[in-house]
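Peer 1: Reminder that position 95 of the sequence shown reads as 95 in full-length UniProt numbering, one-by-one numbering, no gaps.
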Amino acid sequence: MSDLEAVKLREKYTHFRILVIGRANAGKTTLLKRVCNTDDDPCIYNENGENQLEPSDERGIHDIEKQFVFKSNPQFIFHDSPGFEAGNEQELKDVLSFVEKRSKMNNPNEQLHAIWFCFVLNASRPLLELEQKFFNEQRAGNVPVIAVFTKFDDLVAQLYDRDREEESRTDASKVVKEKFEMPLENSRDRPKAYVCFEALDDSEGDHQEQVKGLIEKTAASLDDLALKMLFVSVQRNNLELCIKYAIYEQNDLGHSSENVVYWAASWFRHCMYNSPTWTAFAAILICLESSFWYFDQNIGFQPAFEQAWKTFAHSDAKKRVEQDISTLIMARATTSLNQKLTEQQKVTFFNIILQNRLEHPDAQDIF
Ligand SMILES: Nc1nc2c(ncn2[C@@H]2O[C@H](COP(=O)(O)OP(=O)(O)O)[C@@H](O)[C@H]2O)c(=O)[nH]1
Ligand SMILES: [Mg+2]
């Protein structure tokens with residue numbers, strides 16, 4: 001898939017769908033609230049977009065078939081599985097058939113894109129047989145699974161020993177490695193990554209920093225470029241990741257600056273259905289033109305461009321460009337960036353830039 005093909009495909013996707021598995025009290029809901037950066041309870045929508053769940057009524061959510069979202073980021077769709085208790089194989093079967101059914105769906109928005117499997121860290125309750133079985137079983141669809149270890153703080157407290165106070169974190173890390181990670185790592189279809197959380201329930205804590213790790217590892221576990229782009233642009237916790245992928249995933253954009261701007265914007269959600277990409281493109285062109293004149297007076301490109309950028313940022317031209325471009329983009333049949341400008345719109349775009357050029361700097365302004 002070429003870079004631009006991936007961008008076009010991504011534009012057809014609207015939702016990223018995640019299955020969260022974990023026993024009751026594993027901290028699943030807490031985690032999802034942190035991921036969506038909200039204190040609100042989730043909602044379940046029916047086909048008409050009506051909420052089917054009373055606030056604080058969580059009963060419906062444990063039905064794996066019921067999708068739910070948080071208002072703060074409805075592009076993430078979640079399914080919740082209650083996890084596997086000893087002796088209850090039905091739940092494992094339900095999960096496997098859910099995964100299989102979703103893998104056969106034609107509409108990519110209906111497919112399952114990732115699984116977060118939550119394990120509460122409890123020294124005396126390590127992996128259950130059924131949990132191990134999940135990782136040894138043939139699973140349909142090649143959906144990446146991230147193992148999420150929760151309540152590390154609890155584990156540290158369990159292992160707390162007054163005489164070895166300093167060591168309890170190290171001891172806890174050892175338990176995570178030996179009792180959880182290693183058995184999973186030795187399974188047939190092992191997790192794509194491991195993430196460990198602590199004190200996610202503490203609203204004063206560094207939960208947003210911790211969530212960045214889960215986001216980064218989930219993104220890395222997705223092989224499909226368009227899906228990776230969808231996930232990175234839907235999440236709002238880790239903007240470094242948007243920048244990183246825009247740089248590292250770039251392979252075959254060629255030399256078109258229009259494509260480069262379009263590509264870069266595709267990793268950021270706020271650009272998808274709006275005009276800032278084209279505004280940025282216009283700003284770059286205006287500043288390139290202006291910096292040309294500084295450059296001509298023997299100033300290097302970078303200081304020349306910086307000077308032009310500063311001038312533009314404080315100019316009335318900037319406001320006019322934003323206004324005119326958004327009118328131009330709104331006038332298009334669809335708001336998708338995927339739509340190229342028509343020849344007529346290119347004429348308008350060109351004129352917007354010509355009418356908002358910065359003044360040529362005089363030699364004495366510079367020296
Ligand atoms: N100590 C500790 N408690 C947590 C953490 N995350 C969640 N909890 C608490 O664990 C309980 C169960 O959390 P919840 O998210 O409802 O679990 P769920 O049943 O898997 O959805 C709640 O009382 C949370 O406040 C954590 O990281 N550390
Ligand atoms: Mg819950």
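Here a beta-carbon is modelled for each residue, glycine too, at the ideal position from N, C-alpha and C. These numbers come from a predicted model, not from an experiment.
In chain order, what residues place their C-beta within less than 6 Å of a heavy atom belonging to ligand 1?
Peer 2: Those residues, listed in chain order, are G22, A24, N25, A26, G27, K28, T29, T30, T150, K151, D153, D154, F197, E198, A199, L200, D201.
Peer 1: At a threshold of 8 Å, does D80 count as lining ligand 2 (C-beta to nearest heavy atom)?
Peer 2: Translated into positions along the sequence shown, residue 80 becomes position 80. Indeed, a heavy atom of ligand 2 lies less than 8 Å from the Cβ.
Peer 1: Given a cut-off of 9 Å, decide if D154 and L127 are closer than it, judged by their beta-carbon atoms.
Peer 2: Position 127 of the sequence shown holds residue 127. Position 154 of the sequence shown holds residue 154. For L127 and D154, no; Cβs fall outside 9 Å.
Peer 1: Give me the Cα-Cα distance between D202 and L96, rounded to the nearest whole angstrom.
Peer 2: As a working note, residue 202 is residue 202 in the sequence shown. As a working note, residue 96 is residue 96 in the sequence shown. Using only the alpha carbons, I get a separation of about 33 Å.
Peer 1: For L222, collect the residues of the same chain with a Cβ closer than 8 Å to its Cβ; drop the 5 residues on either side in sequence, then sort them by chain order.
Peer 2: One-based indexing of the sequence shown puts residue 222 at position 222. Hits under 8 Å: H113, A114, P144, K228, F231.
Peer 1: Grab the span of the alpha helix (DSSP H) containing W267 for me, first residue to last.
Peer 2: Stepping through the sequence shown from its first residue, residue 267 is reached at position 267. Per DSSP, W267 belongs to no alpha helix (DSSP H) and is neither H nor E.
Peer 1: Are R31 and V20 closer than 9 Å when you measure CB to CB?
Peer 2: Taking the first residue of the sequence shown as 1, we reach residue 31 at position 31. Taking the first residue of the sequence shown as 1, we reach residue 20 at position 20. Checking the sequence shown, residue 31 turns out to be Leu, not Arg. Against a cut-off of 9 Å, the Cβ pair of V20 and L31 comes out as a contact.
Peer 1: Which one of K151, I146, R164, E166 has the shortest CA to CA distance from E185?
Peer 2: Locating residue 185 in the sequence shown gives position 185, counting from the first residue. Of the listed residues, the one whose Cα sits closest to E185 is I146.
Peer 1: So N237 and V195 are supposed to be a Cβ contact under 8 Å. How far apart are they, rounded?
Peer 2: Indexing the sequence shown from 1 puts residue 237 at position 237. Indexing the sequence shown from 1 puts residue 195 at position 195. So it is not a contact: roughly 13 Å between Cβ atoms.
Peer 1: Does the segment 99–108 come close enough to the segment 153–168 that 3 or more CB-CB pairs lie under 8 Å?
Peer 2: no
Peer 1: Give the single residue among F197, A140, F135 whose Cα lies nearest to the Cα of V148.
Peer 2: Translated into the one-based positions of the sequence shown, residue 148 becomes position 148. When each option's Cα is compared against that of V148, the closest is F197.
Peer 1: Taking the alpha-carbon positions, what's the K319 to E343 distance?
Peer 2: Translated into the one-based positions of the sequence shown, residue 319 becomes position 319. Translated into the one-based positions of the sequence shown, residue 343 becomes position 343. Those two C-alpha atoms are separated by around 24 Å.
Peer 1: What do you reckon, are the CB atoms on A265 and I286 nearer than 9 Å?
Peer 2: Here residue 265 is taken as the residue at index 265 of the sequence shown, counted from 1. Here residue 286 is taken as the residue at index 286 of the sequence shown, counted from 1. No, the pair does not count as a contact, with Cβ atoms beyond the cut-off.
Peer 1: Could you give the first and the last residue of the continuous beta strand (DSSP E) run that contains C118?
Peer 2: Translated into the one-based positions of the sequence shown, residue 118 becomes position 118. C118 -> beta strand (DSSP E) spans 114–120.
Peer 1: Per the DSSP calculation, F295 is bridged to which residue(s)?
Peer 2: Numbered from its first residue, the sequence shown carries residue 295 at position 295. Paired residue(s): none; F295 is not in a bridge.
Peer 1: Starting from I325, trace the alpha helix (DSSP H) both ways and give me its first and last residue.
Peer 2: Along the sequence shown, one-based indexing puts residue 325 at 325. Counting along the chain, the alpha helix (DSSP H) containing I325 begins and ends at 316–330.
Peer 1: Given this structure, state the Cα-to-Cα distance separating V261 from A280, to the nearest angstrom.
Peer 2: Along the sequence shown, one-based indexing puts residue 261 at 261. Along the sequence shown, one-based indexing puts residue 280 at 280. The C-alpha of V261 lies about 8 Å from the C-alpha of A280.
Peer 1: How would you write the range of the alpha helix (DSSP H) that I215 sits in, first residue to last?
Peer 2: As a first step, residue 215 is located in the sequence shown; it is residue number 215 there, counting from the start. 207–221 is the extent of the alpha helix (DSSP H) around I215.
Peer 1: What does the alpha-carbon distance come out to for the pair E131 and D80?
Peer 2: By one-based count along the sequence shown, residue 131 stands at place 131. By one-based count along the sequence shown, residue 80 stands at place 80. Distance between the alpha carbons of E131 and D80 is about 16 Å.
Peer 1: Near D171, what residues of its chain come up, given a Cβ to Cβ distance below 7 Å and the 5 sequence neighbours on each side ignored?
Peer 2: Within the sequence shown, residue 171 is the residue found at index 171, counting from 1. Cβ within range, chain order: L159.
Peer 1: Which residues does DSSP list as the beta-bridge partners of F76?
Peer 2: Looking up residue 76 in the sequence shown gives position 76. The partner list for F76 (beta bridge, DSSP) reads F16.
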